[in-house]
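Peer 1: Take the position in the sequence shown, starting the count at 1, then add 74; the result is the number in our numbering.
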Amino acid sequence: MKRIYLVRHGKTFINKYNKMQGWCDTPLTDEGREGAEKAAEALQELPLDIALSSNTLRASETCEIIMEKNCNRDLLQHLAYPYFREHFYGYFEGMDNDVAWRMVGAAHGFTNAADLAEHATCDQIADWTKEADPYHDAEDSKEFWVRWQKGFDLIQQLDGAENILLVSHGFAIKTLAQKFAVDGIDTTVHPRNSSISTLVMDEAGNLQMTSYNKLQL
75 MKRIYLVRHG KTFINKYNKM QGWCDTPLTD EGREGAEKAA EALQELPLDI
125 ALSSNTLRAS ETCEIIMEKN CNRDLLQHLA YPYFREHFYG YFEGMDNDVA
175 WRMVGAAHGF TNAADLAEHA TCDQIADWTK EADPYHDAED SKEFWVRWQK
225 GFDLIQQLDG AENILLVSHG FAIKTLAQKF AVDGIDTTVH PRNSSISTLV
275 MDEAGNLQMT SYNKLQL
C-alpha cells in the first residue's frame, strides 16, 4: 500500500496576475514560498520515502522546500517528470483567466469559470478547451489521462516507497479528485495553493483519494 501526499504548488506570479498557467511557468512569489513552508511544516514529521513533482519550476521549487524540512530529508531523492504536469491549455496559455474561460464555455452556455466549475466536470472542461483552441493544441481529457497513467505506473513500480510526496497542479489535482475521491469529499472546489490531498494506491495500482484540499494532515 502506498500513500501519495499530493500537494499543489505554492502561489506563482501567473497565479497572482489571474492568468492561465498550464505548461507555461513562473517562479513562486514570496507568498507562494510561505505557503510551501506551511505545507512543509504539516508534513515534516511524516517520514517521506521519495519526493516527486512535475518538471515545472513552480512544482520543483515547492517540492524542494517541503523536502528541506522533512524528518527524512537526508535520505530523500527528488525526481521530476512531465507526467505530473498541469493540463496543457494550448492557445490559452498565459491568457487572462476570465477571458479564456469565457471563450471555452461560450459554446456550451457558460460565461465564466464559476459557472463551468458548477455545471461541468474537469474532463468536460478539458475537452471543451481543446475544441475552443483555434489550433486544437490544448490537451483533452483522453490525452491528460494517458499522460497521468504513465506517472501512476511509475509510482506503482517504486519498490519500498510507501510515503510519497507528489507536487503537482490545481486543475490536475481537482481532476484526480473527481475520479478517485471517496464519498463525502467536495470535489467542486478548486484546491488551494500548497494544499494537501491524499491518494492511496493498493498493490494492483487502484487509487482512492481519502482527503482533499487540506492544510494539515
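C-beta atoms are modelled at their ideal positions from N, C-alpha and C, and glycine is treated no differently.
Keep in mind that this is a model prediction, so the values were computed, not measured.
Tell me which residues share the same chain as residue 213 and place their Cβ nearer than 6 angstroms to its Cβ, disregarding the 5 neighbours each side in the sequence.
Peer 2: Here the set comprises 161 and 162.
Peer 1: Mind checking whether residue 140 and residue 117 have CB atoms under 7 angstroms apart?
Peer 2: Their beta carbons are under 7 angstroms apart, which means residue 140 touches residue 117 by this criterion.
Peer 1: Among 111, 169, 250 and 285, which residue has its Cα nearest to the Cα of residue 226?
Peer 2: That would be 250, whose Cα lies nearest to the Cα of residue 226.
Peer 1: Strictly by DSSP, which residues pair up with residue 152?
Peer 2: Paired residues: 125.
Peer 1: Just mark residue 135 as buried or exposed, buried being the case when its beta carbon has 16 or more other beta carbons within 10 Å.
Peer 2: Its Cβ being crowded by 16 or more others within 10 Å, residue 135 is buried.
Peer 1: Does the region 178-196 come close enough to the region 236-254 that 3 or more CB-CB pairs lie under 8 angstroms?
Peer 2: Yes, since at least three Cβ pairs between the region 236-254 and the region 178-196 fall closer than 8 angstroms, the two stretches touch.
Peer 1: Just verifying my parser: in three-state terms, what is the DSSP assignment at residue 91?
Peer 2: Residue 91: coil per DSSP, three-state reduction.
Peer 1: Under the rule that 16 or more other beta-carbon atoms within 10 Å means buried, what is residue 210, buried or exposed?
Peer 2: When all chains shown are included, residue 210 counts as exposed.
Peer 1: Buried or exposed: where does residue 115 fall if 16 or more other Cβ atoms within 10 Å of its Cβ makes it buried?
Peer 2: The residue is exposed, with fewer than 16 neighbouring Cβ atoms inside 10 Å.
Peer 1: Buried or exposed, going by whether 16 or more other CB atoms sit within 10 Å of the CB of residue 137?
Peer 2: The residue is buried, with at least 16 neighbouring Cβ atoms inside 10 Å.
Peer 1: Looking at residue 96: is its Cβ nearer than 7 angstroms to the Cβ of residue 268?
Peer 2: Going by C-beta atoms, residue 96 is not nearer than 7 angstroms to residue 268.
Peer 1: Could you tell me which of 231, 247, 107 and 265 sits nearest to residue 289, measuring between CA atoms?
Peer 2: Comparing Cα positions, the closest option is 265.
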